[in-house]
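Residues are numbered in this note's numbering as their position in the sequence shown, beginning at 1, plus a constant of 267. Reading through the C-alpha coordinates given below for one structure.
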Amino acid sequence: MNGTDGGAHGREPQEARQPHAPRQPDGPRQPDGQREPDAPHEPPFASGETGIVVGPRLTAKALAADLALDAAALARLEGPRLARAAAAAPPRRRVLVVGVERSDRPNLMARARAELLRSRHDVEVATCDVGGRGKFENLNALIAAHGGAGGFDWLLAIDDDVELPRGFLDRFLFLAERFGLRLAQPAHRRRSHAAWRVTRRRATTVVRETGFVEIGPLSAFHADAFETLLPFPPLRAGWGLDAHWAALARERGWPIGVVDATPIRHALRPIADDYRHADATAEARAFLAARPHVTAAEAQRTLVAHRRW
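Below you can see the structure in the form of C-alpha coordinates.
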(Lines of atoms letter the chains of each structure in order from A and count residues from 1; the text may use other names and numbers.)
(Lines give C-alpha, C1' and ligand atoms only; values in the text may rest on other atoms or scores of the structure.)
Protein backbone atom coordinates (compact mmCIF):
# COMPACT_ATOMS: atom_id res chain seq x y z
CA MET A 1 0.00 0.00 0.00
CA ASN A 2 1.30 3.40 -0.94
CA GLY A 3 0.41 6.76 0.46
CA THR A 4 1.67 10.25 0.87
CA ASP A 5 3.74 10.64 4.01
CA GLY A 6 2.22 13.15 6.34
CA GLY A 7 5.55 14.33 7.74
CA ALA A 8 8.15 13.43 10.35
CA HIS A 9 7.18 11.01 13.10
CA GLY A 10 8.21 13.17 16.01
CA ARG A 11 10.94 15.74 16.28
CA GLU A 12 14.42 14.45 15.59
CA PRO A 13 17.03 14.54 18.37
CA GLN A 14 19.67 16.99 17.15
CA GLU A 15 22.42 19.00 18.69
CA ALA A 16 25.47 20.06 16.68
CA ARG A 17 26.33 20.75 13.05
CA GLN A 18 26.59 18.00 10.42
CA PRO A 19 28.89 18.32 7.42
CA HIS A 20 26.19 18.48 4.77
CA ALA A 21 24.56 21.40 6.59
CA PRO A 22 26.82 24.48 6.72
CA ARG A 23 26.63 26.67 9.80
CA GLN A 24 24.02 29.38 9.32
CA PRO A 25 24.25 33.02 10.43
CA ASP A 26 22.36 34.26 13.44
CA GLY A 27 18.71 34.90 12.74
CA PRO A 28 15.17 33.84 13.66
CA ARG A 29 14.69 30.32 14.94
CA GLN A 30 11.69 28.15 15.55
CA PRO A 31 10.82 27.12 19.13
CA ASP A 32 12.66 23.79 18.72
CA GLY A 33 15.88 25.58 17.79
CA GLN A 34 15.78 24.89 14.05
CA ARG A 35 16.47 27.60 11.52
CA GLU A 36 13.47 29.38 10.10
CA PRO A 37 13.13 28.20 6.49
CA ASP A 38 13.11 31.75 5.15
CA ALA A 39 16.09 32.96 7.17
CA PRO A 40 18.13 35.48 5.18
CA HIS A 41 21.47 34.48 3.63
CA GLU A 42 20.80 30.77 4.08
CA PRO A 43 22.39 28.80 1.22
CA PRO A 44 19.55 27.27 -0.79
CA PHE A 45 21.32 23.89 -0.88
CA ALA A 46 21.70 23.62 2.94
CA SER A 47 19.22 21.92 5.25
CA GLY A 48 19.59 24.75 7.76
CA GLU A 49 19.32 22.16 10.51
CA THR A 50 21.68 20.49 12.92
CA GLY A 51 22.17 16.76 12.92
CA ILE A 52 24.72 15.45 15.43
CA VAL A 53 23.22 13.60 18.38
CA VAL A 54 25.36 14.36 21.43
CA GLY A 55 24.89 14.82 25.17
CA PRO A 56 23.23 12.50 27.70
CA ARG A 57 19.67 13.77 27.22
CA LEU A 58 19.59 13.69 23.43
CA THR A 59 21.49 10.41 23.27
CA ALA A 60 19.05 8.77 25.68
CA LYS A 61 16.10 10.12 23.71
CA ALA A 62 17.54 8.84 20.44
CA LEU A 63 18.30 5.41 21.90
CA ALA A 64 14.76 5.13 23.23
CA ALA A 65 13.36 6.04 19.82
CA ASP A 66 15.54 3.44 18.12
CA LEU A 67 14.46 0.77 20.62
CA ALA A 68 10.81 1.60 19.97
CA LEU A 69 11.26 1.47 16.20
CA ASP A 70 13.21 -1.80 16.43
CA ALA A 71 10.50 -3.31 18.64
CA ALA A 72 7.77 -2.29 16.20
CA ALA A 73 9.68 -3.85 13.29
CA LEU A 74 10.22 -7.02 15.32
CA ALA A 75 6.51 -7.24 16.15
CA ARG A 76 5.74 -7.09 12.42
CA LEU A 77 8.37 -9.80 11.76
CA GLU A 78 9.74 -7.35 9.23
CA GLY A 79 13.32 -8.62 9.36
CA PRO A 80 12.64 -12.34 8.75
CA ARG A 81 10.05 -11.63 6.06
CA LEU A 82 12.38 -9.21 4.30
CA ALA A 83 15.28 -11.67 4.52
CA ARG A 84 13.17 -14.38 2.85
CA ALA A 85 12.08 -12.04 0.07
CA ALA A 86 15.63 -10.78 -0.50
CA ALA A 87 16.95 -14.35 -0.76
CA ALA A 88 14.84 -14.88 -3.87
CA ALA A 89 14.98 -11.53 -5.69
CA PRO A 90 16.44 -9.77 -7.52
CA PRO A 91 18.71 -12.06 -9.57
CA ARG A 92 22.33 -12.07 -8.43
CA ARG A 93 23.78 -8.62 -9.13
CA ARG A 94 27.32 -7.33 -9.64
CA VAL A 95 28.00 -4.62 -7.07
CA LEU A 96 31.03 -2.34 -6.80
CA VAL A 97 31.52 -0.68 -3.43
CA VAL A 98 34.02 2.19 -3.17
CA GLY A 99 35.07 4.14 -0.11
CA VAL A 100 37.75 6.36 1.38
CA GLU A 101 39.33 5.15 4.61
CA ARG A 102 40.86 7.47 7.20
CA SER A 103 43.79 5.43 8.49
CA ASP A 104 44.60 8.15 11.04
CA ARG A 105 41.12 7.98 12.63
CA PRO A 106 39.01 5.24 14.19
CA ASN A 107 36.92 3.67 11.44
CA LEU A 108 34.51 0.84 10.68
CA MET A 109 35.55 0.03 7.12
CA ALA A 110 36.79 -3.49 7.91
CA ARG A 111 33.51 -4.32 9.62
CA ALA A 112 31.49 -2.83 6.76
CA ARG A 113 33.53 -4.77 4.21
CA ALA A 114 32.86 -8.04 6.04
CA GLU A 115 29.14 -7.33 6.18
CA LEU A 116 28.92 -6.39 2.50
CA LEU A 117 30.84 -9.49 1.41
CA ARG A 118 28.29 -11.66 3.28
CA SER A 119 25.80 -10.81 0.53
CA ARG A 120 24.59 -13.40 -1.98
CA HIS A 121 25.39 -10.88 -4.70
CA ASP A 122 28.75 -10.63 -6.48
CA VAL A 123 30.37 -7.83 -4.47
CA GLU A 124 33.74 -6.12 -4.92
CA VAL A 125 34.90 -3.64 -2.28
CA ALA A 126 37.65 -1.14 -3.12
CA THR A 127 38.98 1.42 -0.66
CA CYS A 128 41.89 3.82 -0.43
CA ASP A 129 43.42 6.25 2.05
CA VAL A 130 42.64 9.96 1.71
CA GLY A 131 46.08 10.74 0.33
CA GLY A 132 45.58 14.49 0.16
CA ARG A 133 42.69 14.25 -2.31
CA GLY A 134 39.00 15.02 -1.93
CA LYS A 135 36.38 12.33 -1.42
CA PHE A 136 35.05 12.35 -4.96
CA GLU A 137 38.49 12.54 -6.53
CA ASN A 138 39.35 9.36 -4.62
CA LEU A 139 36.09 7.64 -5.57
CA ASN A 140 36.70 8.40 -9.24
CA ALA A 141 40.19 6.90 -8.97
CA LEU A 142 38.83 3.73 -7.36
CA ILE A 143 36.18 3.33 -10.05
CA ALA A 144 38.73 3.96 -12.80
CA ALA A 145 41.00 1.29 -11.30
CA HIS A 146 38.18 -1.20 -11.96
CA GLY A 147 37.93 -0.11 -15.59
CA GLY A 148 34.90 2.05 -14.84
CA ALA A 149 31.50 1.08 -13.49
CA GLY A 150 30.42 -0.63 -16.70
CA GLY A 151 29.55 -4.26 -16.12
CA PHE A 152 28.27 -3.57 -12.61
CA ASP A 153 24.57 -3.40 -11.78
CA TRP A 154 25.03 -1.16 -8.73
CA LEU A 155 27.67 1.20 -7.41
CA LEU A 156 27.79 2.00 -3.69
CA ALA A 157 29.85 4.83 -2.21
CA ILE A 158 30.38 4.33 1.52
CA ASP A 159 32.09 6.34 4.24
CA ASP A 160 34.39 4.57 6.69
CA ASP A 161 32.33 5.33 9.80
CA VAL A 162 29.05 3.61 8.94
CA GLU A 163 27.55 0.84 11.06
CA LEU A 164 25.56 -1.50 8.81
CA PRO A 165 22.82 -3.85 10.06
CA ARG A 166 23.32 -7.57 9.49
CA GLY A 167 22.00 -8.73 6.13
CA PHE A 168 22.10 -5.15 4.89
CA LEU A 169 23.00 -5.41 1.22
CA ASP A 170 20.58 -8.15 0.12
CA ARG A 171 17.63 -6.43 1.80
CA PHE A 172 18.64 -2.96 0.65
CA LEU A 173 19.02 -3.97 -3.01
CA PHE A 174 15.80 -5.99 -2.92
CA LEU A 175 13.82 -2.96 -1.78
CA ALA A 176 15.62 -0.50 -4.05
CA GLU A 177 14.84 -2.65 -7.08
CA ARG A 178 11.33 -3.52 -5.90
CA PHE A 179 10.45 0.17 -6.14
CA GLY A 180 12.61 1.02 -9.13
CA LEU A 181 14.98 3.38 -7.35
CA ARG A 182 17.84 4.69 -9.46
CA LEU A 183 19.50 6.55 -6.60
CA ALA A 184 19.02 5.36 -3.03
CA GLN A 185 20.28 5.50 0.52
CA PRO A 186 19.49 3.69 3.76
CA ALA A 187 17.68 5.70 6.40
CA HIS A 188 19.56 6.96 9.43
CA ARG A 189 18.75 5.54 12.83
CA ARG A 190 17.63 8.14 15.37
CA ARG A 191 21.02 7.94 17.08
CA SER A 192 22.89 8.87 13.92
CA HIS A 193 24.37 12.07 12.53
CA ALA A 194 21.89 13.27 9.89
CA ALA A 195 21.34 16.85 8.80
CA TRP A 196 18.26 16.11 6.69
CA ARG A 197 14.99 15.18 8.41
CA VAL A 198 13.86 13.32 5.31
CA THR A 199 16.68 10.80 5.72
CA ARG A 200 15.77 9.72 9.25
CA ARG A 201 14.04 6.38 9.71
CA ARG A 202 10.24 6.43 9.81
CA ALA A 203 8.09 4.09 11.82
CA THR A 204 5.56 2.78 9.31
CA THR A 205 7.35 2.66 5.96
CA VAL A 206 9.87 0.34 4.31
CA VAL A 207 10.80 2.72 1.48
CA ARG A 208 10.02 6.35 0.75
CA GLU A 209 10.37 7.92 -2.65
CA THR A 210 11.87 11.33 -1.95
CA GLY A 211 13.15 14.37 -3.79
CA PHE A 212 16.69 13.93 -2.50
CA VAL A 213 19.40 11.41 -1.61
CA GLU A 214 22.52 12.46 0.33
CA ILE A 215 26.12 12.32 -0.87
CA GLY A 216 26.87 10.16 2.16
CA PRO A 217 27.47 8.32 4.35
CA LEU A 218 26.14 5.69 1.92
CA SER A 219 24.81 6.38 -1.56
CA ALA A 220 23.74 3.73 -4.07
CA PHE A 221 23.58 4.22 -7.83
CA HIS A 222 21.74 1.93 -10.24
CA ALA A 223 23.47 1.22 -13.56
CA ASP A 224 20.85 3.32 -15.35
CA ALA A 225 22.29 6.38 -13.59
CA PHE A 226 25.96 5.78 -14.40
CA GLU A 227 26.04 7.63 -17.73
CA THR A 228 24.52 10.74 -16.17
CA LEU A 229 26.21 10.83 -12.76
CA LEU A 230 29.66 9.37 -13.46
CA PRO A 231 32.42 10.29 -13.23
CA PHE A 232 31.78 12.35 -10.13
CA PRO A 233 32.79 16.02 -10.27
CA PRO A 234 36.30 16.39 -8.75
CA LEU A 235 35.03 17.97 -5.53
CA ARG A 236 36.75 17.78 -2.17
CA ALA A 237 33.83 18.07 0.26
CA GLY A 238 31.00 17.65 -2.23
CA TRP A 239 28.38 19.76 -0.49
CA GLY A 240 25.57 20.57 -2.90
CA LEU A 241 26.34 17.67 -5.23
CA ASP A 242 23.34 15.77 -3.88
CA ALA A 243 21.10 18.77 -4.66
CA HIS A 244 22.35 18.57 -8.25
CA TRP A 245 21.80 14.80 -8.41
CA ALA A 246 18.23 15.34 -7.23
CA ALA A 247 17.55 17.86 -9.98
CA LEU A 248 18.97 15.53 -12.63
CA ALA A 249 16.84 12.67 -11.30
CA ARG A 250 13.72 14.85 -11.43
CA GLU A 251 14.47 15.92 -15.01
CA ARG A 252 14.83 12.30 -16.08
CA GLY A 253 11.89 10.95 -14.12
CA TRP A 254 14.00 8.64 -11.98
CA PRO A 255 12.50 7.40 -8.72
CA ILE A 256 14.98 8.04 -5.91
CA GLY A 257 14.55 7.44 -2.23
CA VAL A 258 15.31 6.36 1.30
CA VAL A 259 15.12 2.74 2.48
CA ASP A 260 13.69 2.81 6.00
CA ALA A 261 13.82 -0.96 6.53
CA THR A 262 17.66 -1.09 6.51
CA PRO A 263 18.64 1.76 8.86
CA ILE A 264 22.30 2.59 9.47
CA ARG A 265 24.12 4.37 12.24
CA HIS A 266 26.61 7.14 11.43
CA ALA A 267 27.98 8.34 14.75
CA LEU A 268 31.45 6.93 15.30
CA ARG A 269 33.44 10.17 15.43
CA PRO A 270 33.22 13.94 14.91
CA ILE A 271 32.55 14.70 11.28
CA ALA A 272 33.79 17.27 8.78
CA ASP A 273 37.08 17.51 10.67
CA ASP A 274 39.30 17.34 7.59
CA TYR A 275 38.17 20.51 5.77
CA ARG A 276 36.96 24.01 6.62
CA HIS A 277 33.21 24.60 6.51
CA ALA A 278 33.71 27.95 4.78
CA ASP A 279 35.73 26.25 2.03
CA ALA A 280 33.10 23.53 1.57
CA THR A 281 30.32 26.11 1.34
CA ALA A 282 32.27 28.18 -1.18
CA GLU A 283 32.96 25.06 -3.24
CA ALA A 284 29.25 24.22 -3.25
CA ARG A 285 28.20 27.72 -4.29
CA ALA A 286 30.66 27.70 -7.19
CA PHE A 287 29.65 24.21 -8.29
CA LEU A 288 25.91 24.90 -8.24
CA ALA A 289 26.08 28.38 -9.77
CA ALA A 290 25.58 27.10 -13.32
CA ARG A 291 23.95 23.74 -12.58
CA PRO A 292 20.35 22.74 -11.83
CA HIS A 293 19.70 21.83 -8.22
CA VAL A 294 16.82 21.41 -5.81
CA THR A 295 16.23 23.72 -2.87
CA ALA A 296 16.38 22.56 0.72
CA ALA A 297 12.58 22.68 0.94
CA GLU A 298 12.28 20.44 -2.11
CA ALA A 299 14.91 18.09 -0.73
CA GLN A 300 12.94 17.50 2.48
CA ARG A 301 9.84 16.19 0.70
CA THR A 302 8.59 12.63 0.81
CA LEU A 303 6.71 11.99 -2.43
CA VAL A 304 5.43 8.44 -1.92
CA ALA A 305 5.54 6.25 1.19
CA HIS A 306 5.60 2.47 0.71
CA ARG A 307 4.43 0.53 3.75
CA ARG A 308 4.92 -2.98 2.35
CA TRP A 309 6.73 -4.59 -0.54
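Backbone N, C-alpha and C define an ideal beta-carbon position, used for all residues, glycine too.
For residue i, the nearest candidate out of the options (CA to CA)
{"i": "residue 395", "options": "385, 382, 410 and 386", "result": "410"}
{"i": "residue 214", "options": "479, 498, 487 and 506", "result": "The structure shown does not extend to residue 214, since the chain is modelled only from 268 to 576, so the question has no answer here."}
{"i": "residue 367", "options": "404, 451, 481 and 460", "result": "404"}
{"i": "residue 450", "options": "458, 435, 462 and 483", "result": "483"}
{"i": "residue 503", "options": "553, 492 and 342", "result": "553"}
{"i": "residue 365", "options": "343, 442 and 390", "result": "390"}
{"i": "residue 312", "options": "381, 466, 523 and 508", "result": "508"}
{"i": "residue 441", "options": "358, 549 and 347", "result": "358"}
{"i": "residue 444", "options": "522, 419 and 392", "result": "522"}
{"i": "residue 329", "options": "534, 500, 419 and 384", "result": "534"}
{"i": "residue 514", "options": "407, 562, 524 and 383", "result": "562"}
{"i": "residue 362", "options": "402, 418 and 555", "result": "418"}
Same chain only: Cβ atoms within 7 Å of residue i, ignoring 5 sequence neighbours per side
{"i": "residue 370", "result": "396"}
{"i": "residue 453", "result": "439, 485, 526, 529, 530 and 531"}
{"i": "residue 380", "result": "392"}
{"i": "residue 430", "result": "375, 531 and 532"}
Spatial distance of residue i from residue j (CA atoms)
{"i": "residue 400", "j": "residue 568", "result": "33 Å"}
{"i": "residue 416", "j": "residue 488", "result": "10 Å"}
{"i": "residue 547", "j": "residue 315", "result": "15 Å"}
{"i": "residue 341", "j": "residue 528", "result": "11 Å"}
{"i": "residue 335", "j": "residue 325", "result": "15 Å"}
{"i": "residue 559", "j": "residue 517", "result": "10 Å"}
{"i": "residue 448", "j": "residue 327", "result": "34 Å"}
{"i": "residue 373", "j": "residue 421", "result": "28 Å"}
{"i": "residue 490", "j": "residue 498", "result": "13 Å"}
{"i": "residue 398", "j": "residue 434", "result": "32 Å"}
{"i": "residue 385", "j": "residue 557", "result": "42 Å"}
{"i": "residue 339", "j": "residue 350", "result": "17 Å"}
Residues that DSSP places opposite residue i in a beta bridge
{"i": "residue 397", "result": "Answer by DSSP bridge pairing: none, since residue 397 is not bridged."}
{"i": "residue 531", "result": "455"}
{"i": "residue 424", "result": "365 and 486"}
{"i": "residue 360", "result": "DSSP output for residue 360 lists no bridge partner at all."}
{"i": "residue 389", "result": "361"}
{"i": "residue 450", "result": "488 and 523"}
{"i": "residue 467", "result": "455"}
{"i": "residue 476", "result": "524 and 571"}
{"i": "residue 430", "result": "532"}
Close Cβ partners of residue i (< 8 Å) along its chain, the five nearest in sequence each way excluded
{"i": "residue 354", "result": "387 and 437"}
{"i": "residue 408", "result": "395 and 400"}
Beta-carbon contacts of residue i that lie in its chain and below 6 Å, excluding the five residues immediately before and after
{"i": "residue 564", "result": "none"}
{"i": "residue 461", "result": "318, 455 and 467"}
Fully enclosed by the segment 319-345, which alpha helix (DSSP H) runs are 4 residues long or longer? DSSP runs (the alpha helix (DSSP H)) wholly in the segment 319-345: 323-342.
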